[in-house]
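**Student:**
2 protein chains.
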Amino acid sequence: MLDCQDHEVCIESAMSEAESICQENGLRFTELRKEVLRLIWLSHVPAKAYDILEKLKGKAWSAKPPTVYRALDFLLETGLVHKLDSINAYIGCSHPREHNGCYFLICTDCNEAKECCSPELTDAIELAWNKNSFRPQKVTLEVLGQCGECE
Amino acid sequence: MLDCQDHEVCIESAMSEAESICQENGLRFTELRKEVLRLIWLSHVPAKAYDILEKLKGKAWSAKPPTVYRALDFLLETGLVHKLDSINAYIGCSHPREHNGCYFLICTDCNEAKECCSPELTDAIELAWNKNSFRPQKVTLEVLGQCGECE
DNA sequence: TTAAAAATTGTTATATTATAACATTAAAGT
DNA sequence: ACTTTAATGTTATAATATAACAATTTTTAA
């Protein structure tokens with residue numbers, strides 16, 4: 030599904046961008062938060078919270094559910110990570126500096142997910158909700174299906 | 030949020046349409062399934078599985094979690110009910126004979142949800158996924174925010 | 001019409017996902 | 001340095017959902 034050539038590069042660039050964003054905004058990118066973000070970025074398959082927990086236990090931490098969920102809360106709030114509600118899993122944001130018209134393609138065969146953006150989509154959605162005089166706060170748009178490589 | 034004038038009528042028409050659909054398709058609309066659908070339609074606030082369970086217990090059933098989840102599975106498969114993944118709740122489908130370009134507006138104040146359709150939306154989404162050579166199987170589109178009455 | 005097969009429901013147990021509440025430690029502000 | 005705030009540790013539990021097998025009901029078909 031993905032165009033990522035060298036995933037090590039992919040991870041490192043995500044980590045350093047996260048570092049910058051936190052610095053710019055005076056947010057504390059602690060070791061725990063870093064490690065959780067890195068674990069999420071380990072693959073393009075969205076990570077489950079309890080899988081992250083198991084991996085954390087293998088490291089220095091005395092990790093328990095709140096350990097992971099608190100780190101996830103931080104990463105979600107800062108926009109470094111997205112939660113995919115349709116599969117209860119977490120994926121690193123591929124462009125954490127701007128979030129416009131994002132949606133997710135999730136392959137039910139290889140389990141990889143890809144974040145996409147489409148201005149036309151945003152426009153269509155805005156048009157639709159304006160008709161309903163609705164003030165949107167959060168949009169969830171996830172497409173489950175088969176990616177090009179898997180079909 | 031809703032234009033429903035008389036909710037009794039709203040419920041009864043949903044129930045009788047469900048009855049018809051099941052009959053047409055040779056599906057068994059058992060008492061249990063009927064009751065669960067009716068409980069979901071009790072309000073336009075999406076129903077939580079365990080709330081349905083509690084209400085069922087007040088009736089004739091010896092209800093346990095699988096009782097509810099199996100009825101929900103049936104109703105979801107037949108398209109009589111939708112699951113809202115962003116809030117883990119279930120809502121009656123307002124037009125179960127055709128599902129095209131549906132999405133949901135969910136008010137975080139009054140908790141009501143409204144099913145909407147927008148062909149432009151469907152088109153924009155299809156355009157977007159075609160670019161990615163992705164074969165969609167299920168689309169989740171939910172907008173959390175404030176409805177007209179609540180803002 | 002009755003036996004076999006299939007579908008539905010009952011029941012017990014457990015898996016999965018997530019948060020509350022309070023204690024402790026570390027960092028930042030004054 | 002001391003106070004406050006933020007982050008993490010820890011225990012317990014809440015909320016959501018499914019597995020596995022037994023009993024029953026409905027349908028099929030001999």
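Quick mapping for you: the protein sequence lines, in order, are chains A and B. Residues 30 to 180 (our numbering) make up the first sequence, in order. Residues 30 to 180 (our numbering) make up the second sequence, in order. Even glycine gets a Cβ: it sits at the ideal position worked out from N, Cα and C.
1) Contact criterion: CB-CB distance below 8 Å. Does Asp102 (chain A) meet it with respect to chain B?
2) With a cut-off of 8 Å, does the C-beta of Val168 (chain B) fall near any C-beta of chain A?
3) Express the C-alpha separation of Leu82 (chain A) and Tyr98 (chain A) in angstroms, rounding to a whole number.
4) Roughly how many angstroms lie between the CA atoms of Ser115 (chain B) and Leu113 (chain A), to the nearest whole one?
5) Does Gln34 (chain A) get closer than 8 Å to chain B when you measure Cβ to Cβ?
6) What is the C-beta distance between Met44 (chain B) and Glu178 (chain B), in whole angstroms, given that I count them as a contact (C-beta under 8 Å)?
7) Considering only the alpha carbon of each residue, which of A:Phe103, A:Ser162 and A:Tyr132 lies closest to Lys143 (chain B)?
8) For Gln175 (chain B), name the three-state secondary structure that DSSP assigns.
9) From what residue to what residue does the alpha helix (DSSP H) around Leu68 (chain A) run?
10) What's the gap between the Cα of Gln166 (chain B) and the Cα of Glu155 (chain B)?
11) Is it true that the stretch 63-71 of chain A meets the stretch 116-124 of chain A, where meeting means three or more beta-carbon pairs spaced less than 8 Å apart?
12) Which same chain residues, not among the five before or five after Lys77 (chain A), have their C-beta less than 6 Å away from its C-beta?
13) I want to verify the contact list: residues of chain A whose CB lies under 8 Å from the CB of Ala157 (chain B), in sequence order.
**Tutor:** Once the coordinates are examined:
1) no
2) yes
3) 9 Å
4) 9 Å
5) no
6) At roughly 26 Å, the Cβ-Cβ gap does not stay under 8 Å, so Met44 (chain B) and Glu178 (chain B) are not in contact.
7) A:Ser162
8) strand
9) Glu60 to Trp70
10) 12 Å
11) yes
12) Ala118
13) Tyr132, Cys145, Ser147, Glu149 and Leu150
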